[in-house]
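Everything on this sheet refers to the single structure shown next.
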Amino acid sequence: MIERDIGRLADESLRLCFRQAELAALMATAVQYACLDLYLEGYRTLATTLSVASDQRARTRRLIRRGVPPAEAARALHLV
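Letter by letter, the sequence shown follows residues 60 to 139 in this note's numbering.
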């Protein structure tokens, strides 16, 4: 009876060890995904900022081509 209990406890401890290793691997994967998301969010923000700046420059150029003075064209875009 004692041998059976010892065997059962050894099996349980082995399963617990495997479960802890599995959870550690899952946690490491989750941390990697979180870090990747933060890393990519910076690039997404930068791309959006550059796109907005490029769009503003293009609109300013169009206004200037239509005869609006450059200072007023730039000011008009900031008001909108």
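In this text, a Cβ means the ideal position worked out from N, Cα and C, and glycines have one as well.
Every value quoted in this text rests on a predicted model; they were computed, and no experiment measured them.
DSSP places residue 116 within a helical segment (H, G or I) once states are collapsed to three.
In this structure, residue 133 lies away from residue 123, with their beta-carbon atoms at least 7 Å apart.
Under the three-state reduction of DSSP, residue 86 is assigned to helix. Taking the CA atoms as reference points, residue 103 sits about 34 Å from residue 80.
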